[in-house]
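*Asks:*
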Amino acid sequence: MNAAKQNEPSEIELLLPWYAAGTLDPHESQQVERALASDPELAARYAWVRAELEQETLVGETAGEPSGRDVKSLFAKIDALPARRPRRQPQSSSFGERIAEFLASLSPRTLAWSAAVAALAIALQAGLLADLMIKERTAGGYDTASAPADAQSEGAYVLIRFKPQTTATDIANFLDSNKFSIVAGPSVGQLFRVRVAPNKLAKDDLMRVVTTLQGDKVVDFIALTD
Amino acid sequence: MPTTSDEVLIGRIAKSDRLAMEELYGRYRVPVYRFVLRMVRNPTVAEDLNSDVFLDVWRQAGTFEGRSAVSTWIFSIARFKALNALQRRPTEELNETADAIEDQADDPEIALAKKDKAAVLRACLLKLSAEHREIVNLVYYQHKSVEEVAGIVGIPEATVKTRMFYARKKLSELLTEQGIERGWP
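From first to last, the protein sequence lines are chains L and D.
Per my numbering, the very first residue in the first sequence carries number 987; after that it's consecutive.
Per my numbering, the very first residue in the second sequence carries number -2; after that it's consecutive.
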């Protein structure tokens, strides 16, 4: 038990590599310095940390550099990409703030007219939807075996990571040919949220889609998502 | 002359500014290449991955939100590419540097090297697993802080510290196999 406890590194010992690399904040550096000054055993271990740092640096410095053709190769790949529309860098962190910025940029008269038009559009849309629902119910409508009708407007989604060598053109072709669309991403792990059907699918149906897509040449990883 | 910040360059790259891309690439092409090379241990693969990393930077510059430093973001892309490459070609990667290190017990050069602790230490560093090579390179060579490593690798800061400790512990075991006892770790 004592041996096990001895084997547990102290917080200071854990910090030694960063102290050697000079990447600790001043407070932590002072703590390590004090510990090294008062603990000869820790100082001996630190000598090994320094040796490791020196050798890893040597490994890195003798690793060479990319060949001279790398810049050309990179820009050739960039040129092969489809031209993109310039996009504005988000200046605010949240969607709400960006909406607020946009609204603030409108004049009061424009804002009032926009609000009136939007209210009218919403009222019309609500009326049309209500009318559609009443007609469907009157006609009996239908429910698919895979999904209830009331859930069909939600769409079906999966998470996809594309293979690293996949080009933007490959991805665009993949989306077009399957009538998919990327709705979000990439998030952590380069995952994109992709809409694979306009209506919500039953889990079995969605699994069939996932299984089929697993074999696609551009798909590296695919998983179900809500 | 004041240097343009990475964040400003990314903003310009998002607007398809090639000069900004050239400048950012000039800053990071060597460190990123060396990090990727340390992971995949094959210069040709590393060079291809390096340009893929910066192709992603070009493509995704518009989505960069500044939640981490630009360098952390670039290294996390590089790490992802390198790990993917290792998954695709585990056999080839072992054939590279590892071959030169394995089964060296009877090699006269190694016997000579044993006299040189630094050379043995260097050989043992090369022998670490990808997970350990990655963290050792980020801390010792790329000089990344605990927070930056956590951002690149995607693990909590406490895990970064213990992973580095276990990498060093493994190093210690490899040194012991080569006849160098340095104690804990």
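Positions of the beta carbon are idealized from the N, C-alpha and C atoms, including for glycine.
Taking Cβ-Cβ distances shorter than 7 angstroms, what residues in chain L pair up with D/Arg160?
*Replies:* Chain L residues near D/Arg160: none, gap ~10 angstroms exceeds 7 angstroms.
*Asks:* Quick one: residues in its chain with C-beta nearer than 8 angstroms to the C-beta of L/Thr1211, no 5 flanking neighbours on either side, listed in chain order?
*Replies:* Excluding residues within five positions, the ones whose Cβ falls inside 8 angstroms are Tyr1143, Val1144, Leu1145 and Arg1179.
*Asks:* So L/Asp1056 contacts chain D; which residues on that side make the cut at Cβ distance below 7 angstroms?
*Replies:* In chain order: Arg26, Glu44, Asn47 and Ser48.
*Asks:* Flag L/Ile1064 as yes if its beta-carbon sits less than 9 angstroms from any beta-carbon of chain D, otherwise no.
*Replies:* So, interface residue.
*Asks:* Counting only the same chain and skipping the five closest in sequence on each side, list residues whose C-beta sits under 8 angstroms from that of D/Trp55.
*Replies:* Answer for D/Trp55: Ile10 and Met18, listed in chain order.
*Asks:* With burial defined as no fewer than 16 other Cβ atoms inside 10 Å of the residue's Cβ, what is the status of D/Ala95: buried or exposed?
*Replies:* With a pLDDT of 46 at D/Ala95, under the threshold of 50, the predicted position of this residue should be treated as unreliable, and no value is reported.
*Asks:* Give the single residue among L/Leu1067, L/Val1018 and L/Glu1140 whose Cα lies nearest to the Cα of L/Lys1186.
*Replies:* L/Lys1186 has its Cα closest to that of L/Glu1140, out of L/Leu1067, L/Val1018 and L/Glu1140.
*Asks:* Strictly below 7 angstroms CB to CB, what residues from chain L border D/Arg179?
*Replies:* Under the 7 angstroms cutoff, chain L gives Trp1034.
*Asks:* Tell me the residue span of the alpha helix (DSSP H) that contains D/Val33.
*Replies:* Per DSSP, D/Val33 belongs to the alpha helix (DSSP H) from Arg15 to Val37.
*Asks:* Measuring only the C-alpha atoms, how far is L/Leu1039 from D/Arg15?
*Replies:* So the two alpha carbons sit approximately 36 angstroms from each other.
*Asks:* On the three-state DSSP scale, how would you describe L/Ala1162?
*Replies:* Here residue 1162 of chain L turns out to be Asp, not Ala, going by the sequence shown. If DSSP states are grouped into helix, strand and coil, L/Asp1162 belongs with the helices.
*Asks:* Going by beta-carbon coordinates alone, are L/Ile1064 and D/Leu52 separated by less than 9 angstroms?
*Replies:* Against a cut-off of 9 angstroms, the Cβ pair of D/Leu52 and L/Ile1064 comes out as a contact.
*Asks:* Give me the DSSP bridge partner(s) of L/Ala1209.
*Replies:* For L/Ala1209, which the question treats as bridged, DSSP gives the partners L/Leu1145.
*Asks:* Kindly indicate which three-state DSSP category L/Ile1157 falls into: helix, strand or coil?
*Replies:* It is helical.
*Asks:* Are the C-beta of L/Asp1206 and some C-beta of chain D separated by less than 9 angstroms?
*Replies:* It does: the Cβ of L/Asp1206 has a partner Cβ on chain D nearer than 9 angstroms.
*Asks:* Within 10 angstroms of the Cβ of L/Lys1189, are there 16 or more other Cβ atoms? Answer buried if so, exposed if not.
*Replies:* Exposed, because fewer than 16 other Cβ atoms sit within 10 Å of the Cβ of L/Lys1189.
*Asks:* Just checking, does the segment 1054 to 1064 of chain L make contact with the segment 30 to 50 of chain D on the three C-beta pairs under 8 angstroms criterion?
*Replies:* With a cut-off of 8 angstroms, the segment 30 to 50 of chain D and the segment 1054 to 1064 of chain L count as touching, because enough Cβ pairs lie within range.
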